[in-house]
Each structure stands twice: as C-alpha cells, then as structure tokens.
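Enquirer:
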Amino acid sequence: MNDIVRIGMIGAGHIAHAHVEAWRKEATLTAVASRRIESALSLAEQYDIPHVCGDANELLDRDDIDAVGIAMTHHLHHPIALAALAAGKSVFCEKPLALDGSQAREMCAAAKAGPLKTGVQSGIRLFPALRLLARLLREGRAGKIHTFDAHWSFDWARDPRFPLTWRFKRTEAGTGALGDLGVYMIDAARWLVGEIRQVNAELATYIPRRPVLTSDRHFGELRRQHREGILDIPKETGPVENDDVCHLLLRFENGARGSIRASRLHQEHSIRIDCERTSYRWQMTGDRRLTERSTEAEYKPVEMPEPPGDRTIVTSFLNNIRQDEDEPPTFRDGLAAQLVIDAAVESNDTGRWVDVEC
14 MNDIVRIGMI
24 GAGHIAHAHV
34 EAWRKEATLT
44 AVASRRIESA
54 LSLAEQYDIP
64 HVCGDANELL
74 DRDDIDAVGI
84 AMTHHLHHPI
94 ALAALAAGKS
104 VFCEKPLALD
114 GSQAREMCAA
124 AKAGPLKTGV
134 QSGIRLFPAL
144 RLLARLLREG
154 RAGKIHTFDA
164 HWSFDWARDP
174 RFPLTWRFKR
184 TEAGTGALGD
194 LGVYMIDAAR
204 WLVGEIRQVN
214 AELATYIPRR
224 PVLTSDRHFG
234 ELRRQHREGI
244 LDIPKETGPV
254 ENDDVCHLLL
264 RFENGARGSI
274 RASRLHQEHS
284 IRIDCERTSY
294 RWQMTGDRRL
304 TERSTEAEYK
314 PVEMPEPPGD
324 RTIVTSFLNN
334 IRQDEDEPPT
344 FRDGLAAQLV
354 IDAAVESNDT
364 GRWVDVEC
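Heads up, the sequence shown is in my numbering, so the first residue is 14 and it goes up one at a time.
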C-alpha cells in the first residue's frame, strides 16, 4: 500500500485532540466528523483538516479515506467501528474497545472477515522504559516472574462538585475507573507478564451523587473550567452509576500473581514486577526511568541501550497498514482486556474468583 494513509477522525472532543496530534505526525488527516459541528469546525481549523462532516456516516461515505480514528463516548465505539469496517476502512479505536466482551467479540469478528487492520489506543506501550522492561522480561535475565503490581490513578474526579458527565453513566461509559484507567494496567499486565486467567475484584463508588449539568458541554472544557475555578456548580444532583475505584487481584497463566488499583479520585502511576533474580520498578514521575534491584540495598537506574524512538499511539497501527502486519495492540488486545474487565465486574458482583474467558 502507498505509504500515505488518509485518515478520517470521528469525534472532536477532549480525547480527539490527542489522536489528531499523533495522526498529523505520521499520516494525512482528510476529514473530521462530529455531531457537534462547531467542535468539528474548530478542530479542522486548528489542525488544517480540509473536510468537516456532520456525522460518522457522512465521513464513512467518502472514498478519500483509508482508515478512521474513533474518539467518542464508549458506547459508540461498537456501532461506529462496525460501520467503518463495513465501509472498507481500517479502524483505530480509543480504549476501552467496547462496553462488554460481547460487543468486543463482534468487532473482532468483523475485522477478521476482511483484510482491514485494527488498532486500540494503549499509550502505556509507548514509554521507552516499559518497552525496555518488556524486552528484558522476554530475554529472561531476571528469571521467572513472580508478581506484578500496578497503580494507575488520576484525581480529576476527587472534587464531589465535579458535574455528572457521561463518564459516570453505565449506559454510555460502561465501568468507571476500571474501564477508563484500569484498562491500561490490564494491557500492561498482559504485555509484560502474560495472559490473565482469573480475577478477584472489588469496585467502589465513594461519591454516589454529583451535580447535574444544565447544558451539554465537552468533558475537556468542563475539566478546564473546574481547574480554573470558573465552573458554575448546579444544585440538582444525580446518581453516579459506575466505580470511582477498583482493586483487582490477578492469577496469570504462567503462575505469576498480580494486583491492579485504578482510581479517578487519587493520583498514582507506577508498576513493579518482582522476579526470581531481579525486581523492577517504574513511575510516571520524575525522569520516568526504569530501576532495578537484585541484591543491592537500593534500586538503581537501568541503562537505556539506545535513544527512545519517536513513537505515537498510532505508530503500530499505521505500520500494520503499510506493511500488512499485525503488531499489537489490535482489536484482539482490546477484546482480551475487555474480557478481564467483564470478569472483574462479575467477581465484584459475586464476591468470588472468576475465570477470564479465552
């Protein structure tokens, strides 16, 4: 295929900007679509995107688009991805892939039926230190992996006055912290350690009600207004329908054990892996270096063998299109993560360990 990949962006909100920043470095942005036409026009003007569409179907009808990026509310990932694949477009989708495993399976089946490529956003795989860690673990220098422990939390919802957006609604978002944040660590666990076969989980909602907005606004705009202290707080409140915090215990296929904590009320980003001969630790603060400890008293930085590459969230997806490959993360990885999420929800509901579907 021609190295020039023509992209149609579906969605023009907060997350779409991050996608567009990646696309413009590695592909050609042809069109953007949004039901909020003013948002699409603004994004097109900011990034010099030549065509603006009022909905996804209008964009999918264009014959000057090879692939689409989907950055919409979670419940729209499934129908838009299916429509895009049916229209002959490769698809890159924001995480989580779908609302549940059933939807994700259908998306994978639709992609498998043809020659099109798929990708799912998993920015955790971009960090040079973690790419180094993945290589070291594959090489086996540390011996058998014993435990994986990860925290992935952002405190954007700590203030109970932050309004009730779609992210707090099960019908639109699915799970809360689990599907929005924990999914990153589920993907990291599979990437670094191996397949997850059993889950024991607890999900908790600590802020059960939030102010109800009187007008429809982008999530990114709400966060900006909240940070700047200029957000009007309505008096009426409504129920939060999904989890603020999740805790997962994991059993891996290779015998390793693990834990994941994700929260939208707190702030922490770290991964620790303990092996037979070495322990590794990484934090998304400071210099983001990978550190290791064997018999030494202190953790020491692991030397990076080469300068980190200039990868973006769409690099693997575009390489797969250009070279007819299937480098992860694809829809198959999105499905695998969703099946862990489904098992975690069932575990929370039943209070027991749950097998992850294969």
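Just so it is clear, CB atoms sit at the ideal spot from N, CA and C, and this is done for glycine as well.
1) Short check: CB of alanine 327 to CB of alanine 94, under 8 angstroms?
2) Which residue marks the beginning of the alpha helix (DSSP H) containing arginine 335, and which one marks its end?
3) Beta strand (DSSP E) containing tyrosine 197: first to last residue?
4) Relative to the C-alpha of glycine 192, which residue among Pro109, Glu370 and Arg183 is closest?
5) In chain order, what residues of the same chain lie with their CB nearer than 6 angstroms to the CB of alanine 84, ignoring the 5 residues before and after it?
6) Can you tell me whether tryptophan 169 is helix, strand or coil according to DSSP?
7) Give me the residue from Ser307, Arg306, Leu205 and Ala350 with the minimum Cα distance to arginine 270.
8) Per DSSP, what kind of secondary structure is glycine 140 in: helix, strand or coil?
9) Who pairs with arginine 148 in a beta bridge, going by DSSP?
10) Return the chain-ordered ranges of every beta strand (DSSP E) run that is complete within the region 239-286 and spans a minimum of 3 residues.
11) Grab the span of the beta strand (DSSP E) containing phenylalanine 105 for me, first residue to last.
12) For proline 92, name the three-state secondary structure that DSSP assigns.
13) Between Ile78, His231 and Phe105, which has its C-alpha nearest histidine 91's C-alpha?
14) Hey, quick one: how far does the alpha helix (DSSP H) through glutamine 59 stretch, first residue to last?
15) Spatial neighbours of alanine 350 within its chain, please: C-beta separation below 6 angstroms, excluding the five flanking residues on both sides.
16) Buried or exposed, going by whether 16 or more other CB atoms sit within 10 Å of the CB of alanine 122?
17) Determine the direct distance from the alpha carbon of phenylalanine 175 to that of histidine 164, and round the result to whole angstroms.
18) Within this structure, are the beta carbons of alanine 97 and leucine 73 separated by less than 8 angstroms?
19) Label isoleucine 17 either buried or exposed according to how many other C-beta atoms from any shown protein chain fall within 10 Å of its C-beta, with 16 as the threshold for buried.
20) For threonine 343, is the classification buried or exposed, using 16 other Cβ atoms within 10 angstroms of its Cβ as the cut-off for buried?
21) Does the beta carbon of glutamate 185 sit closer than 8 angstroms to a beta carbon anywhere in chain D?
22) Would you kindly report the start and end of the unbroken beta strand (DSSP E) that includes alanine 35?
23) Look at valine 225 and phenylalanine 181 and say whether their C-beta atoms are less than 8 angstroms apart.
Expert: Well, looking at it:
1) Per the sequence shown, the amino acid found at residue 327 is valine instead of alanine. Going by C-beta atoms, valine 327 is not nearer than 8 angstroms to alanine 94.
2) It spans 328-336 - the alpha helix (DSSP H) in which arginine 335 sits, taken as one unbroken run.
3) Careful: tyrosine 197 lies outside any beta strand (DSSP E), inside the alpha helix (DSSP H) at 196-205.
4) Pro109
5) Gly24, Ile28, Ala29, His32 and Glu107
6) Annotated three-state conformation of tryptophan 169 is coil, per DSSP.
7) Leu205
8) First, the residue type needs correcting, since residue 140 is phenylalanine and not glycine in the sequence shown. The answer is coil: DSSP assigns phenylalanine 140 none of H, G, I, E or B.
9) DSSP lists no partner for arginine 148.
10) 250-252, 258-265 and 270-276
11) 103-106
12) helix
13) Phe105
14) Its alpha helix (DSSP H) spans residues 50-60.
15) Val196, Ile199 and Asp200
16) exposed
17) 23 angstroms
18) yes
19) Flag for isoleucine 17 reads exposed.
20) buried
21) Within the model displayed, chain D is absent; a lone protein chain is all it includes.
22) Alanine 35 -> not in any beta strand (DSSP E); alpha helix (DSSP H) instead, spanning 27-39.
23) no
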